Amino acid sequence: MSYTIREGVSPKEWEIFLSKQDSALFVQSALSGEVHKKTGEDFWIIGVYQDDILVGGSLVLSVHAKRGAFLLLPYGPVIDYHNKDVGIAFMTYMKVFGKKYGYDFIRFSPYVEYTDVVYKTLKTWGAKKAPMHVLAENTWLLDTKKTETTLLADMKKNHRNLIRRCEKQGVTIQQTTSAAALARLNDMHDVVAKRHSFHRFSRSFVDSEFTVFSKEGKACIFEGYLPDGKLDSSAIIIFYNGMACYRHSASLNQDKRLPTSYLLQWEVIKEVKKRGIQWYNFWGIAPKGSPKSHPFSGISHFKQGFGGVQKDLIPCMDVPLTKKYYINWIVETIRRVRRGF
């Protein structure tokens with residue numbers, strides 16, 4: 316069976332294709348391409364066609380860094396990973412494309428559950444495990460189609476009790492898309508990033524992403540306020556296709572007895588249900604069996620307490636195109652070790 320690869324798939328055609336897929340997240344949307352373009356880089360939508368019908372492809376982002384230039388396929392490509400012909404045809408094209416435009420490697424992180432079969436298939440593409448993840452590789456998903464009673468019952472007792480305490484004590488959650496709320500989230504994010512010494516997404520990126528998706532009705536901000544009116548927590552949630560994603564957040568935790576982030580998440584879950592979306596993606600957690608020193612250890616306990624299931628994805632993969640790739644490999648390996656991953 317033969318396949319044709321084409322550049323320049325229209326955003327409309329791509330969005331229609333993604334809407335029919337079981338596992339196509341917002342980072343593959345043409346909207347994410349527009350966000351990326353605001354950073355000064357380019358993007359393409361490259362499709363796989365069979366008899367003029369789009370059957371796969373990926374949003375492809377151009378990334379230029381001091382350590383090398385590469386093509387990034389966030390949670391892509393979106394293809395049938397059990398069809399070897401599709402994968403080989405797509406990656407063969409991507410290698411030629413990358414070399415033609417002077418890139419040092421191709422990096423992709425499929426939103427596909429890990430199996431030895433799929434992992435070995437990717438090896439036949441000339442891919443190797445990347446030294447550092449780009450997107451969450453161990454995720455936590457909650458099926459919101461259950462009743463609210465069942466969802467509460469499935470939570471850890473501590474989470475359920477904290478939600479009820481916050482409700483009784485007058486914690487309030489507001490939902491908004493205002494520019495003022497976005498600024499407040501960014502300010503809070505700066506404080507938390509400094510306090511816990513982690514590298515956050517840039518303010519300009521968060522602003523651009525939220526603005527682009529909220530204009531399409533696909534993103535909103537949830538804010539948690541203490542009984543005295545003080546803002547204590549904030550989170551951006553992106554709603555795309557059949558999944559809602561916990562994207563950016565910050566919590567000051569000013570009152571240990573009233574951790575507003577617990578009630579905030581419960582209100583998000585109820586909103587996801589209201590919109591008829593089945594899955595709430597809490598995003599990244601620590602891999603199973605990780606030590607308490609893992610950077611995601613604390614947040615994993617928080618997310619898993621709401622109930623749900625873990626989905627372990629194929630790890631981020633690289634396809635080297637030039638020798639410069641190996642400089643990048645060394646730099647990122649050192650960076651990963653220093654960050655504790």
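According to this note's numbering, numbering within the sequence shown proceeds without interruption in unit steps and concludes at 656.
Heads up, the beta-carbon is just placed ideally off N, CA and C, and yes, glycines get one too.
Since the structure is predicted, the reported quantities are computational estimates derived from the model, not experimental observations.
- When DSSP states are grouped into helix, strand and coil, residue 356 belongs to the coil group.
- Within the same chain, and ignoring the five residues on either side of residue 421 in sequence, the residues whose Cβ sits closer than 6 Å to its Cβ are 386, 409, 413, 634.
- Within the model, the alpha-carbon separation for residue 585 versus residue 457 is close to 12 Å.
- Here residue 484 carries a helix assignment [DSSP, helix/strand/coil].
- Taking a C-beta distance under 9 Å as the contact criterion, residue 374 and residue 402 do not qualify as a contact pair.
- Secondary structure in the segment 389-472: the alpha helix (DSSP H) runs of 4 residues or longer, each lying completely within the stretch, are 399-415, 431-438, 463-469 in chain order.
- Residue 361 carries a strand assignment under DSSP once its states are collapsed to helix, strand and coil.
- In the displayed model, residue 504 falls within a helix according to three-state DSSP.
- Contiguous beta strand (DSSP E) elements confined to the segment 540-600 occur at 546-555, 558-566, 594-599, taking only those with 3 or more residues.
- In the three-state reduction of the DSSP assignment, residue 322 falls in the coil class.
- Segment contact: the segment 559-570 against the segment 420-439, fewer than three CB-CB distances shorter than 8 Å; contact not assigned.
- In this structure the segment 530-538 touches the segment 495-509; the number of beta carbon pairs closer than 8 Å is three or more.
- Each of 517, 455, 350, 532 was checked against the Cα of residue 602, and the nearest Cα belongs to 455.
- The criterion of a C-beta distance shorter than 9 Å is not satisfied by residue 523 and residue 399.
- Residue 524 sits in a helix when the DSSP states are folded into three classes.
- Considering only 394, 358, 640, the residue with the shortest C-alpha distance to residue 326 is 358.
- When DSSP states are grouped into helix, strand and coil, residue 348 belongs to the helix group.
- Shortest Cα-Cα distance from residue 460 to any of 623, 440, 644, 638 involves 623.
- Inclusion of residue 587 and residue 554 in the CB contact set at 9 Å is warranted, their separation being smaller than that value.
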